[in-house]
Amino acid sequence: MSSSSTTSLASDPIAASDNDQQLVDFIRERAAAERVLITARKRLSGGAIQENWRLDLLIEGGPWAGDRRWVLRSDALSALPASLGREQEFAVLQVVYQAGVKVPRPLWLCRDTRVHGRVFFLMEYVPGIAAGRLLSAQAGAQGQGGLAAQLGANLARLHQVRPPCAALDFLPIPQGSPALATLTAYRRYLDTLDQAYPALEWGLRWCELHVPRSQALCLLHRDYRTGNYLASEQGLEAVLDWEFSGWGDPCEDLGWFSARCWRFTRPDLEAGGIGLLEDFLRGYHEVSSLAIEPSQLHYWQVMATLRWAVIALQQGQRHLSGEEPSLELALTARLLPELELDILNMTGAEAP
Amino acid sequence: MTQPNAAQLLDIARQTLLEQVLPELSGELRYPALMIANAMAIAARESRLQGELEVQEHARLGAVLEAPPATLAGTRQHLAQTIREGRHDAPQARRALVEALRQTTLDRLAISNPKAMP
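So the protein sequences, as listed, match chains Y and S.
Here the first sequence stands for residues 1 to 352, numbered as in our numbering.
Here the second sequence stands for residues 1 to 118, numbered as in our numbering.
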């Protein structure tokens, strides 16, 4: 899960390293260029799992000639369970780009680790603001209706991608209810921990008792929320971070986007802290005829909060196990009481 | 206990960090410094409150169980088990359970992030 950036971000246009020549050769070959020069590079924030570098390039000859700003996205050292590798993420990005979802245009994948040390791909750089706190703080009294509607429409476009899909045959197709499979996986995870978490157990039990009618499977982003897209004054620029994609119930993405835990400074704005739910759903329904009942959305908001709680515990484990000592990961685990309180509020006696 | 105690040490360390160190830091280091200050504040609150709150949690969670175990860890474990088995599903049991969990969660929130208290 990409949490907000914290690691120190080198912004130095580093002098040419040993790997540069191979990277330059790779780009020159793929871009059918005569000459490629890396004029600047900058580590981009937001990668808890991958590293993203912005490359400023001067390309001579071929279809890409000119000044180009691209992003090199590679695996980082430690990965969360359930996240895709770069090769798979690149395949997802290509499929959703074709489906008309606003994403950075994918360029080329490089499997040869001699080029950069790790598998990576290149995509076009898209400017904009991703920071959730900033976007929600700027949202205004009624939120940003246009942005909310664009986010809804883009999510609906993604949800038009349905299995089977040959390019995504590496994504497992869930058998039976996706909700029940998820609950089982969360319980199995909780059973590996030293401590018990009764509030989370209650949330899981409530979800088990209230499983809604399943929708037809479609492609999900699984981290579609404020903080993972770029926005500008023109509205939505690009949806980022596709490493959690998979087949599932479309309401899962809707619940994740609208859950209270992803509204940053504006818990009153149900659409990701940046807009009204009705604006978001209006955009969604401009593209999709899917009927979404309020109880389904509520259910998947509970599931979203449970998921974030499980991820927060996993982040804490990454720190505690010594795998990746990190103050940010340690503090993420301390978000748990807020998430537990949301779950209890949504599933208590007064809850639907 | 040797004075100043753990919470008092964390308080003054945090104050020194925020008042003397932070103003000298560049943009890139401000965020980690604020995270450090936050971690120290949580640790100080936990040091002050934890003992009392654990006694209360043990009593509160034990009260919704038929045979509460002797330790807090055991009580949490047993409660988790009975929740999973569906023994708190009935409306009245559910109300009592959620209320006990809510109180306990609020106590933990008072340590982790008092600003988020309702």
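Quick reminder that beta carbons are idealized off the backbone N, C-alpha and C, glycines included.
Consider the Cβ of residue i: report whether some Cβ of chain Y lies at a distance smaller than 8 angstroms.
{"i": "residue 86(S)", "result": "yes"}
{"i": "residue 2(S)", "result": "no"}
{"i": "residue 102(S)", "result": "yes"}
{"i": "residue 98(S)", "result": "yes"}
{"i": "residue 22(S)", "result": "no"}
{"i": "residue 8(S)", "result": "no"}
{"i": "residue 56(S)", "result": "no"}
{"i": "residue 17(S)", "result": "no"}
{"i": "residue 116(S)", "result": "yes"}
{"i": "residue 26(S)", "result": "no"}
{"i": "residue 79(S)", "result": "yes"}
{"i": "residue 12(S)", "result": "no"}
{"i": "residue 113(S)", "result": "yes"}
{"i": "residue 32(S)", "result": "yes"}
Tell me which same chain residues have a C-beta within less than 7 angstroms of the C-beta of residue i, skipping the five on either side of it?
{"i": "residue 91(Y)", "result": "167, 168"}
{"i": "residue 147(Y)", "result": "231, 235, 236, 274, 275"}
May I have the straight-line CA-CA distance separating residue i from residue j, to the nearest angstrom?
{"i": "residue 94(Y)", "j": "residue 13(S)", "result": "51 angstroms"}
{"i": "residue 9(Y)", "j": "residue 30(S)", "result": "Residue confidence is low: residue 9(Y) scores 37 on pLDDT, short of 50, so the model does not pin down where it sits. No coordinate-derived value is stated."}
{"i": "residue 314(Y)", "j": "residue 114(S)", "result": "23 angstroms"}
{"i": "residue 173(Y)", "j": "residue 238(Y)", "result": "27 angstroms"}
{"i": "residue 96(S)", "j": "residue 70(Y)", "result": "56 angstroms"}
{"i": "residue 123(Y)", "j": "residue 268(Y)", "result": "35 angstroms"}
{"i": "residue 282(Y)", "j": "residue 337(Y)", "result": "33 angstroms"}
{"i": "residue 170(Y)", "j": "residue 78(S)", "result": "40 angstroms"}
{"i": "residue 73(Y)", "j": "residue 86(Y)", "result": "8 angstroms"}
{"i": "residue 137(Y)", "j": "residue 245(Y)", "result": "28 angstroms"}
{"i": "residue 82(S)", "j": "residue 206(Y)", "result": "13 angstroms"}
{"i": "residue 309(Y)", "j": "residue 115(Y)", "result": "38 angstroms"}
{"i": "residue 165(Y)", "j": "residue 251(Y)", "result": "20 angstroms"}
Can you tell me which of the options puts its alpha carbon nearest to the alpha carbon of residue i?
{"i": "residue 210(Y)", "options": "179(Y), 233(Y), 165(Y)", "result": "179(Y)"}
{"i": "residue 32(S)", "options": "18(S), 112(S), 45(S), 44(S)", "result": "18(S)"}
{"i": "residue 218(Y)", "options": "201(Y), 176(Y), 163(Y)", "result": "163(Y)"}
{"i": "residue 113(Y)", "options": "296(Y), 247(Y), 22(Y), 333(Y)", "result": "22(Y)"}
{"i": "residue 154(Y)", "options": "108(Y), 199(Y), 109(Y), 102(Y)", "result": "102(Y)"}
Would residue i be called buried (16 or more neighbouring beta carbons within 10 Å of its own) or exposed?
{"i": "residue 1(S)", "result": "exposed"}
{"i": "residue 117(S)", "result": "exposed"}
{"i": "residue 156(Y)", "result": "buried"}
{"i": "residue 85(S)", "result": "exposed"}
{"i": "residue 176(Y)", "result": "exposed"}
{"i": "residue 52(Y)", "result": "buried"}
{"i": "residue 126(Y)", "result": "buried"}
{"i": "residue 289(Y)", "result": "exposed"}
{"i": "residue 73(S)", "result": "exposed"}
Kindly list the residues whose CB is nearer than 8 angstroms to the CB of residue i, restricted to its own chain and excluding five residues on each side of it in sequence; keep chain order.
{"i": "residue 326(Y)", "result": "318, 319"}
{"i": "residue 129(Y)", "result": "135, 230, 231, 232"}
Take residue i and list the residues in its own chain whose beta-carbon comes closer than 6 angstroms to its own, dropping the five residues that flank it on each side.
{"i": "residue 37(Y)", "result": "58"}
Report yes or no: is there a C-beta of chain S within less than 8 angstroms of the C-beta of residue i?
{"i": "residue 124(Y)", "result": "no"}
{"i": "residue 300(Y)", "result": "no"}
{"i": "residue 53(Y)", "result": "no"}
{"i": "residue 337(Y)", "result": "yes"}
{"i": "residue 367(Y)", "result": "Lying outside 1 to 352, the shown extent of chain Y, residue 367(Y) is not represented and no answer is given."}
{"i": "residue 188(Y)", "result": "no"}
{"i": "residue 171(Y)", "result": "no"}
{"i": "residue 318(Y)", "result": "no"}
Exercise. Between the region 34 to 50 of chain S and chain B, which residues of the former have CB atoms less than 9 angstroms from a CB of the latter, in chain order?
Worked result: Among the protein chains in the structure shown, which are Y and S, there is no chain B.
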